Amino acid sequence: MTRKEITLLILLASINFTNIMDFMIMMPLQEFLEKSFFVSPRGFGFLVSAYAFSAFAASMTASFIVDRFDRKKVLLLAFFGLIVGTIACGLANSYAMLMIARIIAGLFGGLISAQALAIVADAFPYQKRGRAMGLLMSGFSAATIAGVPIALFVATKTNWQIPFIGIGILGILLLPIAFFVLPKMQGHIKSIGERNPFLVYQSVWNDRNQQFALLMMLTLICAHFSTIPFIAPYLTKNTGFLQTQLPLMYFFGGMMSLFTSPLIGKMADRFGKHKIFTIFLLLAIIPVFLITNLPHVPFYYVLIVTTLFFILASGRMVPAQALLTSVVPPNMRGGFMNLNASLQQIGLGLTSFIGGLIITISPSGELQHYNILGYMSITVSLICLAVAWQVKAVQITQTDKI
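Quick note on numbering: the sequence shown equals residues 1 to 402 in my numbering.
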């Protein structure tokens, strides 16, 4: 890769880091929120769902018009909105105010991920896209290595609002850098007469390959987020894992995935996206089963299982995203990515909502029925695998030179 390509990916990964941090920090803060606002597991599930459903609404709306504009401008606007929503979370002093702030953050957070994927797909040909997606996902790894542990430490020493304020300040620092460094991304824009707002939906309706790609990502996200929202509370309530030890889980899991995600991307480019996706999806079933059935076990055992989960669960995302971007032409890619994001948010919201209904707390304070979510995740993963093999890569060129 050239220096400009690497710079682009680092900047996108940094923006992605801020976006992921805003979402991820909610999971380990559940106990803090329970104490501050007397939130039950069901109420916490509603907070996660509110973000997801607002992101769905924004992404669905954007899918009609987003390909009319420079991807840089759309990304910067969405990033600004996310910063506002994140800071609002830090200023919330009631459950209702936090719910409103999560809705604002969701409106813009979903747009960021869709635009980042579209930019990478426009800037990199299919043969290099696996590695590019792996580097883009380093934002997730960085969030788990440093962001979440530091945020948890700060929340423990001060209060839960400070991490959100810190994430917002980081976004304020990144925004002007992105404005001056990101190149214009206009190679996908067609003439005024060709800007049919329903073009993406017409294309999906008539193209079974695009339908399979969307279904692949929908089922993958449902499998992924069936268990994630309740990992932290389950470990602390059921396995003897301490709240103060949670940062270590994120640190080791993120550290390993930081190195493995780019490597998995290279493997996908070399050996084929379908093969690598299959391997990592099947391997990811192992830690999903173990995590959702963990009894009281030694500290090191929990770290081994959770680190394995981070590596394999994030690893299956890399080839899947590379496949997703290859089924639609550049002039519809932004809208298609937003349509995909909206469907993913629906999946995330539904799984979080269902999880909140299934999970209960025993009289002793332990979470019950988490294993049911694990079995649900495994079943949906296998459905996803069957669908993924129906997806064919047909749009493999780049439209913007970096």
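For every residue, glycine included, the Cβ atom is placed at its ideal position computed from N, Cα and C.
As the structure is a prediction and not an experimental result, all values here were calculated from the model.
Residues sharing a beta bridge with residue i, DSSP
{"i": "Q368", "result": "T360"}
Option in the options with minimal Cα separation from residue i
{"i": "G81", "options": "V66, S261, A155 and L111", "result": "L111"}
{"i": "G221", "options": "T325, G134, R208 and A341", "result": "According to the sequence shown, residue 221 is Ile rather than Gly. Considering only alpha carbons, the answer is A341."}
{"i": "L348", "options": "N19, H296, K275 and L218", "result": "L218"}
{"i": "A116", "options": "F38, L339, M26 and I15", "result": "I15"}
{"i": "N293", "options": "Y234, R270 and L248", "result": "Y234"}
{"i": "T278", "options": "L8, T7, E31 and L382", "result": "L382"}
{"i": "F56", "options": "D22, I20, L107 and F17", "result": "L107"}
{"i": "Q321", "options": "L290, V288 and A268", "result": "A268"}
{"i": "Q344", "options": "L12, R68, I6 and M60", "result": "M60"}
{"i": "R68", "options": "I169, V200, Q211 and A105", "result": "V200"}
{"i": "I304", "options": "F271, F289, H274 and G253", "result": "G253"}
{"i": "G187", "options": "Q243, S138, L136 and A121", "result": "A121"}
{"i": "N371", "options": "I172, N209, S226 and I162", "result": "S226"}
{"i": "K392", "options": "V204, I100, Q210 and T7", "result": "Q210"}
{"i": "N159", "options": "A58, L281 and S36", "result": "S36"}
{"i": "L411", "options": "P295, L12, P247 and A223", "result": "Outside the displayed range of the chain (1 to 402) lies residue 411, so it cannot be described from this structure."}
{"i": "F153", "options": "L173, Y301, Q202 and M249", "result": "M249"}
{"i": "A118", "options": "M21, L263, P330 and V84", "result": "P330"}
{"i": "N19", "options": "L98, A105 and V66", "result": "A105"}
{"i": "L2", "options": "Q245, K128 and L246", "result": "It should be noted that the sequence gives Thr, not Leu, for residue 2. Per the Cα distances, K128."}
{"i": "L76", "options": "M21, V181, F164 and D207", "result": "V181"}
{"i": "A443", "options": "I361, L258, M27 and P28", "result": "Absent from the model: residue 443. The displayed extent of the chain is 1 to 402, so no value can be given."}
{"i": "Y51", "options": "L175, M26 and V394", "result": "M26"}
Under 8 Å between C-beta atoms of residue i and residue j
{"i": "S113", "j": "S352", "result": "no"}
{"i": "H369", "j": "I359", "result": "yes"}
{"i": "D70", "j": "K157", "result": "no"}
{"i": "M255", "j": "V148", "result": "no"}
{"i": "G134", "j": "S261", "result": "yes"}
{"i": "R102", "j": "L47", "result": "yes"}
{"i": "G130", "j": "V328", "result": "no"}
{"i": "L324", "j": "A178", "result": "no"}
{"i": "L339", "j": "S63", "result": "yes"}
{"i": "A123", "j": "L8", "result": "yes"}
{"i": "G171", "j": "T86", "result": "yes"}
{"i": "S314", "j": "M137", "result": "yes"}
{"i": "L282", "j": "V387", "result": "no"}
{"i": "I285", "j": "I276", "result": "no"}
{"i": "K237", "j": "G356", "result": "no"}
{"i": "V302", "j": "F241", "result": "yes"}
{"i": "V84", "j": "V74", "result": "no"}
{"i": "E31", "j": "Q161", "result": "no"}
{"i": "R316", "j": "F280", "result": "yes"}
Span of the alpha helix (DSSP H), counted from its first residue to its last, around residue i
{"i": "R3", "result": "R3 to M24"}
{"i": "L117", "result": "Y95 to A123"}
{"i": "N209", "result": "R208 to F225"}
{"i": "I177", "result": "Q161 to V181"}
{"i": "F241", "result": "From DSSP, F241 is part of no alpha helix (DSSP H); its letter is neither H nor E."}
{"i": "I286", "result": "K273 to I291"}
{"i": "Q127", "result": "Y126 to L136"}
{"i": "P319", "result": "M317 to L324"}
{"i": "L75", "result": "R71 to L91"}
{"i": "T61", "result": "P41 to A62"}
{"i": "P329", "result": "No alpha helix (DSSP H) holds P329; DSSP gives it neither H nor E."}
{"i": "L152", "result": "V148 to K157"}
{"i": "L33", "result": "Q30 to F37"}
Residue i beta carbon near the ligand NAP (any heavy atom closer than 7 Å)
{"i": "H369", "result": "This structure does not include the ligand NAP; it has no bound ligands of any sort."}
Decide yes or no for the touch test of the region 88-98 against the region 308-318: beta carbon pairs closer than 8 Å, at least 3 of them.
no
Tell me, please, whether the region 315-334 touches the region 30-45 by the rule of three or more beta-carbon pairs shorter than 8 Å.
no
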